[in-house]
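In what follows, a single structure is set out as structure tokens and then discussed.
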Amino acid sequence: MKAELFPFQKRAFGELRMKSAEAVYRYQRTHSKQVVSFTAPTGAGKTIIMAALIESIFFGDEAYPEQPEAIVVWLSDSPQLNEQSKDKIDLKADKIRLGQCVTIQDDSFDQEMFDDGHIYFLNTQKLGKSSNLTKHTDNRQYTIWETLANTAREKSDRLYFIIDEAHRGMQGREAGRATTIMQKFLKGSPSDGIEAMPVVIGMSATSARFNALVQGIASDTQYVIVTTDEVRASGLLKDRIVISYPEENTGNRDMAVLQAAADEWKDKWDHWYQYCYEQHYAYVNPVLVIQVQNATASAISATDLDDCVAKIEERTGIQFQEGEVVHTFGDANNVIKINGLNVPYVAPSAIAEDKRIRVVFFKESLSTGWDCPRAETMMSFRHATDATYIAQLLGRMIRTPMQMHIQVDETLNDVHLYLPYFNSDTVKEVVEELQNAEGGDIPADIYGESLDTRVMDTLSVRPRSTSNGGGTRHTPTYPGQMSLFDQQGGTPPMELHDGGAVQYGGSGQTGNASGVHDTSSSFTNPASSAVQPSAGSTSQPSSGTSAPTAGTTQTTTDNTPQPEPSYEKKTFIDPLDREGVVKAINDSGLLSYDVRNVRINNYLNSLYSLARLLRQSGKYQDATDDVLEEIVKMIREYVGDLKRDGKYDDMSRKVMEFQMKSQVFDAFGESVDENIVHKFMSTTDVDIDRQFRRAETKLGNEGVGNKYGHYYYDEDDPNAYKIDVILYASNDDCYERLLAYAEKAFHKMNDNYRRKIVGLGDRFIKQYDAIVSNGDVVSKHNFRLPETISLPREVNGKDYEDHLFVDDQGKARINLNNWEEGVLVEEQGQADYVCWFRNPPRKPWSLCIPYEMGGEQKPAYPDFVIIRKDSDDEYVVDILEPHDPTRIDNLGKARGFAEYARQNPGVGRIQLIRMAKDAVGHNRFKRLDMAMSAVRDKVSHAMTNDELDHIFDTDGFFMD
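Right, here's the structure in full:
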């Protein structure tokens, strides 16, 4: 395979290979029909996994012999899906030769049986009663049903029939007809003269869907299942799907919603540009996908396409060039004119690879056979009755452009859908249809939000109001521009909520905790905010604008001349060096942990992967060679021990020879001679090579055998080095010692180079995290913060200006309980305090500390990270956890924090905090600091909660 499979894909492939081989063997032995059900959710890469399976069947591997005469029939319900699957196999399976994949053509195909060694693609549309393939004609001797029946009867030992039920291209009555045709291959169809296929491999997005297909069928069924958690962890899919819609009863505002979609899309362009520039990647070029209404008697669409392009250009400031806007209208396979721009037709399957394309107009021609990871934003002019189709399309848009989770900027892990003709109830229908269509538990979070009430906040250490031009933000306003907030009762835009800059720690703050901004007192009239700036802000034209001159006016519908867009310039003075704080944290070498239920890879594979990454990154050029040479030494030492003990010749002879038994029977099966004749036969070079490949597989497929041969090849005995490797790999004690070496070397290599990984690009860091996480149940990682995060909006929260991550107005809305707010107030009152951030649970970047409870490792996510400055003007990182002492995890977390403090001497404070009475009987927060070695030692040895309570009594303290 040209493509490297993800760990979960390798597991699924291994199970499929084993169970498909078992199915063929069972059918030959019992003639009972065999079904292998392969279930995997959206984005799991089902076609890639199947391509690896087909390649392994034809060409074999270390565990299974090659089967070059195998026949694979791939059935889907649409020709576009067939071509998509065929193209992926041709592209990814490098051993599949040109011409081995065959699309069955209804006008020319006529064979008694399928040819050996081929992959045939067939779709249900070609199997209907009206299809040419199902009829005898002067030019067709065999119908497709006869070809299938003959092949199943004569070549059942090598026929694999794949039903691609996962990618459904049909709807309604056509979908029901396709299901009926598919069931013929599972149940048989006497009217067509066909029995059930001997071995069927079914691909499906949900087990319920495939179970419905095989319901009532007598067969032996084996299951291979990929879970949503596996796909989510892989980074192949976006983290979130955000669906935006207007509030109910707000009238027709579709063009205003299009403007919001254009803003989101332009924002994605900016974020991707910055990310790709900083990480030195090719630009992603996100696509805006617009679904328009069907044609009318006089127009190609009931949607005003001219207005769409004009609004997008006006909103984004982009002047589209030819080729950047395309359409996929099935009724117009030619160039059409939209707003004066030539807009060509492009086939859906060609959109992803054409990086010039920025905007795609379509009606109903995208969901079938279409994958475009660059499609980041979608706007649909369809009405609420089209929930099913919209859901299916959205399911094709959640793949990540780079096949990995973006760690630096969380906004790049979202896909956004805008629905102007939907409301909260009909959006729920879209979500339900998406879950039904794509496998139940979608491996992405789905949020529905009205355009006036957001559910997600984007927070950054580089808010746009401070990142350019010394803390300015330019907000364009266009005369005559339709706004989501123009109608009666509309809410002013978010940028206009800020009545001006509020100085950090100044009188503009309200609430108990400093750094809190009360937004209720700062709302201003949008009509007057541009001319009546509040304290601390300025309002003037931007440097790039000037008074209107001839040729620079716009005209509204009443022919009144209007000036060019004016700009409101707002100033926000940020007292925090937020980027400097993040850099200090990321460079500090603090640990965070990934806690899993199982270990995915053994230590040997993890060691190879880590060594390969360090070599490719340039951090340790000889990593792979050094590991291989250590294993070569172990093999040589074992062979030397065998020779010294006089065992080598006898053991190598067993590899070179095998025993054959002979016995004579008469025609009735009765033994004529009771004596069994034993003959010793010499093993051929082919057999030696096969055993050598199996040994190489057991040793991790990293080239250990060839490395050994490089040092110890003997021209007089070319097979000697192979026999050495075979003997070593077959010895259980040697293998256990090898795994023990690998475990020790893996952890040593990780500890030595963990901090050096920090400076690498995002892709290397992502690979490193995956390698380390797959190698251990509890794995250690560098604690690294991104620059931009996305969090669910907390409506009842307060706005904090001293939170490390803030929005474009320099605030973060956080909802704290009384304990948390009280602890934060104490921290803000300290002279060395700088800022804080809330540590959310289960984010890829969250600070995680492992602890043990009930013999099981669990993850803990401390509430607060506090940043202070010491006397040397260096940043200090503290970890605080206000925690209820009555909870059953109290002791486990305390000991986990103590161990974390022991392993991280660079942490400032790591405190467990509870409410207690001080000397005068007042309730105050009592702290136990694990950074103090005496406290840490006591907590580590505590065995009960009572002992921990006693340590709090003796060593806990109240902050001054």
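The sequence shown begins at 121 in our numbering and counts up one residue at a time.
Note that beta-carbon positions come from the ideal geometry of N, C-alpha and C, so glycine has one too.
Short Cβ contact (7 Å threshold) for V943 with A1014: Here residue 943 is taken as the residue at index 823 of the sequence shown, counted from 1. Here residue 1014 is taken as the residue at index 894 of the sequence shown, counted from 1. Cβ atoms of V943 and A1014: not closer than 7 Å.
Straight-line Cα distance separating F133 from D993: As a working mapping, residue 993 is identified with position 873 in the sequence shown. As a working mapping, residue 133 is identified with position 13 in the sequence shown. For the pair D993 and F133, the Cα-to-Cα distance works out to about 54 Å.
Collapsed DSSP secondary structure at Y184 in the structure displayed: Here residue 184 corresponds to residue number 64 of the sequence shown, with the count starting at 1. In this structure, Y184 counts as coil in the three-state DSSP scheme.
Buried versus exposed, by CB contacts within 10 Å (16 or more), L858: Your numbering for residue 858 matches position 738 in the sequence shown. L858 sits buried, since 16 or more C-beta atoms from the chains shown fall within 10 Å of its C-beta.
Cβ pair count under 8 Å reaching 3, the stretch 394-411 against the stretch 343-358: no
CB-CB length for C854 against Y861, believed under 8 Å: Taking the first residue of the sequence shown as position 1, residue 854 is located at position 734. Taking the first residue of the sequence shown as position 1, residue 861 is located at position 741. Incorrect: roughly 11 Å between the Cβ atoms, too far for contact.
For K1037, three-class secondary structure by DSSP: As a position in the sequence shown, residue 1037 is number 917, starting the count at 1. K1037 falls in the strand class under three-state DSSP.
Any chain E beta carbon closer than 7 Å to F812: Going by chain labels, chain E is absent from the structure shown, which holds only one protein chain.
Residue from S500, T348, P493, K483 whose Cα sits closest to the Cα of S364: If you number the sequence shown from 1, residue 364 lands on position 244. With distances taken between Cα atoms, S364 lies closest to S500.
Beta-carbon proximity of I283 to G313, cut-off 7 Å: Here residue 283 is taken as the residue at index 163 of the sequence shown, counted from 1. Here residue 313 is taken as the residue at index 193 of the sequence shown, counted from 1. No, Cβ-Cβ distance for I283 and G313 is not below 7 Å.
C-beta contact flag for K153 and S339 at 7 Å: The residue labelled residue 153 in the question sits at position 33 within the sequence shown. The residue labelled residue 339 in the question sits at position 219 within the sequence shown. With respect to S339, K153 sits close: the two C-beta atoms are nearer than 7 Å.
Neighbourhood of R1029 by C-beta, 6 Å cutoff - its chain only, sequence neighbours within 5 removed: In the sequence shown, counting from the first residue as 1, residue 1029 sits at position 909. Closer than 6 Å at the Cβ level, and outside the excluded window around R1029, lie D998, D1049, A1051.
C428 in three-state terms, based on DSSP: Sequence index remark: in the sequence shown, residue 428 carries index 308 (1-based). Here C428 sits in helix by DSSP.
Status (buried if at least 16 other CB within 10 Å, exposed otherwise) for H901: Locating residue 901 in the sequence shown gives position 781, counting from the first residue. So H901 ends up on the buried side.
Cβ shell of K818 (< 6 Å), same chain only, five flanking positions each side left out: Within the sequence shown, the letter at position 698 stands for residue 818. Within the same chain, K818 has close Cβ partners A849.
Limits of the unbroken alpha helix (DSSP H) element including S205: Taking the sequence shown and counting its residues from 1, one reaches residue 205 at position 85. Its alpha helix (DSSP H) spans residues 199-212.
Cβ neighbours of I891 in the same chain (closer than 7 Å, five flanking residues each side left out): Position 771 of the sequence shown, counting from 1, holds the residue named residue 891. Same-chain partners within the cutoff: S726, S729, L730, L733.
Every unbroken beta strand (DSSP E) inside the stretch 870-910 [3 residues or more]: 898-902
Endpoints, alpha helix (DSSP H) assigned at F133: Within the sequence shown, the letter at position 13 stands for residue 133. Start and end: 127-150.
For L125 and T744, the rounded distance between their alpha carbons: Reading the sequence shown from its first residue, position 624 is the one you call residue 744. Reading the sequence shown from its first residue, position 5 is the one you call residue 125. About 20 Å.
Cβ pair count under 8 Å reaching 3, the stretch 378-386 against the stretch 423-436: yes
Secondary structure of W392, DSSP reduced to three states: Start at 1 with the first residue of the sequence shown, and residue 392 comes out as number 272. In this structure, W392 counts as helix in the three-state DSSP scheme.
Distance between P468 and H256 (C-alpha atoms, nearest Å): Within the sequence shown, numbered from 1, the residue matching residue 256 stands at position 136. Within the sequence shown, numbered from 1, the residue matching residue 468 stands at position 348. For H256 and P468, the distance between alpha carbons rounds to 35 Å.
N-terminal and C-terminal residue of the beta strand (DSSP E) that I999 is part of: In the sequence shown, counting from the first residue as 1, residue 999 sits at position 879. It spans 995-1002 - the beta strand (DSSP E) in which I999 sits, taken as one unbroken run.
Option in N459, A1054, C968 with minimal Cα separation from Y713: Translated into the one-based positions of the sequence shown, residue 713 becomes position 593. When only C-alpha atoms are compared, the closest one is C968.
N1024 CB to nearest heavy atom of the ligand ATP below 6 Å: Questions concerning the ligand ATP fall outside what the structure shown contains, since it holds no ligand whatsoever.
Cα-Cα separation, E182 to R813: Here residue 182 refers to the residue found at position 62 of the sequence shown. Here residue 813 refers to the residue found at position 693 of the sequence shown. Each residue's Cα considered, the two are about 6 Å apart.
Distance between Y971 and K130 (C-alpha atoms, nearest Å): For the purposes of this step, residue 130 is taken as residue 10 along the sequence shown, with counting starting at 1. For the purposes of this step, residue 971 is taken as residue 851 along the sequence shown, with counting starting at 1. Distance between the alpha carbons of K130 and Y971: 30 Å.
DSSP-derived helix/strand/coil call for M317: Translated into positions along the sequence shown, residue 317 becomes position 197. Correct three-state label for M317: coil.
Check whether K304 and M375 have beta carbons under 7 Å apart: Translated into the one-based positions of the sequence shown, residue 304 becomes position 184. Translated into the one-based positions of the sequence shown, residue 375 becomes position 255. Cβ distance not < 7 Å, so K304 and M375 don't count as in contact.
Residues of its chain near M973, where Cβ-Cβ distance is below 6 Å and the 5 sequence neighbours each way are ignored: The residue given as residue 973 occupies position 853 in the sequence shown. Excluding sequence neighbours, M973 sits near D1009, G1012.
Host beta strand (DSSP E) of V954 (start-end): On the sequence shown, residue 954 is found 834 positions in, with the first residue counted as 1. 953-958 is the span of the beta strand (DSSP E), which, as asked, contains V954.
S991, buried or exposed, once every other Cβ within 10 Å from all chains shown has been counted against 16: Counting from 1 along the sequence shown, the entry for residue 991 is found at position 871. By the neighbour-count rule (16 or more Cβ atoms within 10 Å), S991 is not buried but exposed.
Reference D746; option with closest CA among D694, N722, E822: Your numbering for residue 746 matches position 626 in the sequence shown. Per the Cα distances, E822.
Every unbroken beta strand (DSSP E) inside the stretch 514-548 [3 residues or more]: 534-538
W965 - DSSP class collapsed to helix/strand/coil: Position 845 of the sequence shown holds residue 965. In this structure, W965 counts as coil in the three-state DSSP scheme.
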